[in-house]
Amino acid sequence: MLEQLKELAQVAEAEIKAVGTLDELNDLRVKYLGKKGPIQEVMKNMKSLTPEARKHAGQISNEVKRTLSDAITVQKEALELAEITKQLAEETIDVTLPGKKTMRGRLHPLNAIVADIEAFFIGLGYHIAEGAEVESDRYNFELLNLPQDHPARDMQDSFYIDVHHLLRTHTSPIQVRTLEKACGQGPVKILCPGKVYRRDDDDATHSHQFMQIEGLVVDTHITMADLKGTLEALVKHLFGPEREIRMRPSFFPFTEPSVEVDVSCFACGGDGCSVCKQTGWIEILGAGMVHPNVLKMSGFDPEMYQGFAFGMGVERITMLKYGVEDIRHFYTNDLRFLEQFK
0 MLEQLKELAQ VAEAEIKAVG TLDELNDLRV KYLGKKGPIQ EVMKNMKSLT
50 PEARKHAGQI SNEVKRTLSD AITVQKEALE LAEITKQLAE ETIDVTLPGK
100 KTMRGRLHPL NAIVADIEAF FIGLGYHIAE GAEVESDRYN FELLNLPQDH
150 PARDMQDSFY IDVHHLLRTH TSPIQVRTLE KACGQGPVKI LCPGKVYRRD
200 DDDATHSHQF MQIEGLVVDT HITMADLKGT LEALVKHLFG PEREIRMRPS
250 FFPFTEPSVE VDVSCFACGG DGCSVCKQTG WIEILGAGMV HPNVLKMSGF
300 DPEMYQGFAF GMGVERITML KYGVEDIRHF YTNDLRFLEQ FK
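Last residue of the sequence shown: 341 in numbering that gives the first Met the number 0, with the numbers rising by one and none dropped.
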């Protein structure tokens, strides 16, 4: 029996050293050290031995098991090391090679201009106000001094959803709602960016959907000088410190007096060129003092409070700033165009 165990150990050790994979090694472990292995089969014959011989045979059996177990552990470590070495050789990384270029996203030029203008006005103490794109006729027109029969409604051909609701034609309803929430107590100082909709034929300079930014300030002792100073600072921020503005009389139902605001041409410096149509000036936005009727309908006393408002098209500002000739480029998602704005 003892000779049989020793022979079994020699055969098993030879097989363990010759094995080439971890799976094969595990099979040998089960084969020789498992409950149904040959060592256990040999030990079943111990019943016929004397107590002294049985004790000696048990010691030899445990020694064989320990030897085989140690051999399996050593071979397992060797196989694992060989596998890691092979993997490292196959997956070698040359750290001297240039890395892969990571494509980084960037703001759409329109959103970048909006963010820039928002940051500018936040620095002046304004709050950003937003509202729904579907508005009631009351807030989109009536509370802005545009009653049902007002001829100025024809200036804004609208997308009506039903008799009383439409897609907003400007962000001015946000201003009215903000004034109502103030319950006649100033000051109010807000900037209102957002999409607006008008029934227009799309071409190089017009779109049925575009972005607008409007500003509103209501407080005591507000004058046109405050409006001009604010817009002049904005224009210099957007187009450069050498730019100047001029204000021309105009008409808007919700402001009185109303003005169109021009900026000195950045292509010719005001000398006159094809960009400014030889005038030296380019129109950029409309503005004016808030109409007393608008203040009164929003709960403010026009004898105590005054205010100014202004509104600009984001696409127009962006086109002028970057020399874009066709508004449709902003909406076609052409990467050749968008990648220029880094």
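Note that the Cβ used here is the ideal one computed from N, Cα and C, for glycine as well.
Own chain, CB closer than 6 Å to residue i, minus 5 neighbours either side, in chain order
i, result
"L215", "Q174, I189, A308"
"L142", "V175, M296"
"G98", "none"
"V234", "R242, I244, V262"
"P301", "P291, L294, K295"
"V356", "Shown here, the chain extends from 0 to 341; a query on residue 356 therefore has no answer."
"L78", "L21"
"S157", "L165, T168"
"C275", "C264, I281"
Buried/exposed call for residue i, threshold 16 Cβ in 10 Å
i, result
"Y196", "buried"
"R335", "exposed"
"L178", "buried"
"L96", "exposed"
"P108", "buried"
"F159", "Sequence inspection shows Tyr at residue 159; the Phe mentioned does not correspond to that position. So Y159 counts as exposed."
"V313", "buried"
"Y321", "exposed"
"C182", "exposed"
"H163", "exposed"
"E213", "buried"
"L294", "buried"
"L237", "buried"
"T317", "buried"
"L319", "buried"
"E324", "exposed"
"R247", "exposed"
"C187", "Note on identity: in this sequence residue 187 is Val, with Cys being the wrong assignment. Result: buried."
"R105", "exposed"
"R103", "exposed"
"A88", "exposed"
"T101", "exposed"
"H328", "buried"
"I342", "What the structure shows of the chain is the stretch from 0 to 341, and residue 342 is not part of that stretch, so it cannot be assessed."
"I92", "exposed"
"V18", "buried"
Residue i (DSSP reduced to helix, strand or coil)
i, result
"F250", "strand"
"F209", "strand"
"I173", "helix"
"Y159", "strand"
"Y304", "coil"
"H107", "coil"
"I112", "helix"
One or two residues paired with residue i in a DSSP bridge
i, result
"F309", "G214, A286"
"D148", "Per DSSP, none; premise fails for D148."
"E134", "L165"
"V187", "V217"
"E259", "R247, G285"
"Y196", "Q208"
"I127", "L190"
Own chain, CB closer than 7 Å to residue i, minus 5 neighbours either side, in chain order
i, result
"Q339", "none"
"N139", "L165, R167, T168, P172"
"H207", "Y196, R197, R198, D199, D201"
"L123", "none"
"K75", "L21, L24"
"E231", "I244"
"S135", "H163, H164"
"E117", "I127, L190, P192"
"A282", "For clarity, residue 282 is Glu in the given sequence; the question names Ala instead. Only E259, D261 meet the Cβ criterion."
Own chain partners of residue i with C-beta closer than 8 Å, once the 5 adjacent residues on each side are dropped
i, result
"M210", "L109, V113, P192, G193, K194, V195, G312, V313, E314"
"K341", "R105"
"S249", "S257, V258, E259, G285, G287"
"T170", "G130, C191, P192, G193, V195, Q211, I212, E213, G310"
Proximity test, residue i beta-carbon vs the ligand COA heavy atom, cut-off 7 Å
i, result
"R315", "What this structure holds is no ligand at all, so the ligand COA is not there to describe."
Is there contact between the stretch 223 to 230 and the stretch 301 to 318, where contact requires at least three CB pairs shorter than 8 Å?
-> Because the criterion of three Cβ pairs below 8 Å is met, the stretch 223 to 230 and the stretch 301 to 318 touch.
At least 3 beta-carbon pairs within less than 8 Å: the stretch 254 to 262 vs the stretch 286 to 294 = Verdict: yes, contact present.
Would you say the stretch 196 to 205 touches the stretch 227 to 246, given that touching needs at least three Cβ pairs under 8 Å?
-> In short, these stretches do not touch, since the Cβ pair count stays below three.
At least three beta-carbon pairs within less than 8 Å, the stretch 54 to 71 to the stretch 12 to 22 | By the criterion of at least three beta-carbon pairs nearer than 8 Å, the stretch 54 to 71 is in contact with the stretch 12 to 22.
Meets three-Cβ-pair contact criterion under 8 Å: the stretch 237 to 247 and the stretch 261 to 270 | Taking a cut-off of 8 Å on C-beta distances, the stretch 237 to 247 touches the stretch 261 to 270, as three or more cross pairs fall below it.
Pair every Cβ in the stretch 23 to 31 with every Cβ in the stretch 68 to 85, then say whether three or more of these pairs are closer than 8 Å.
-> Because the criterion of three Cβ pairs below 8 Å is met, the stretch 23 to 31 and the stretch 68 to 85 touch.
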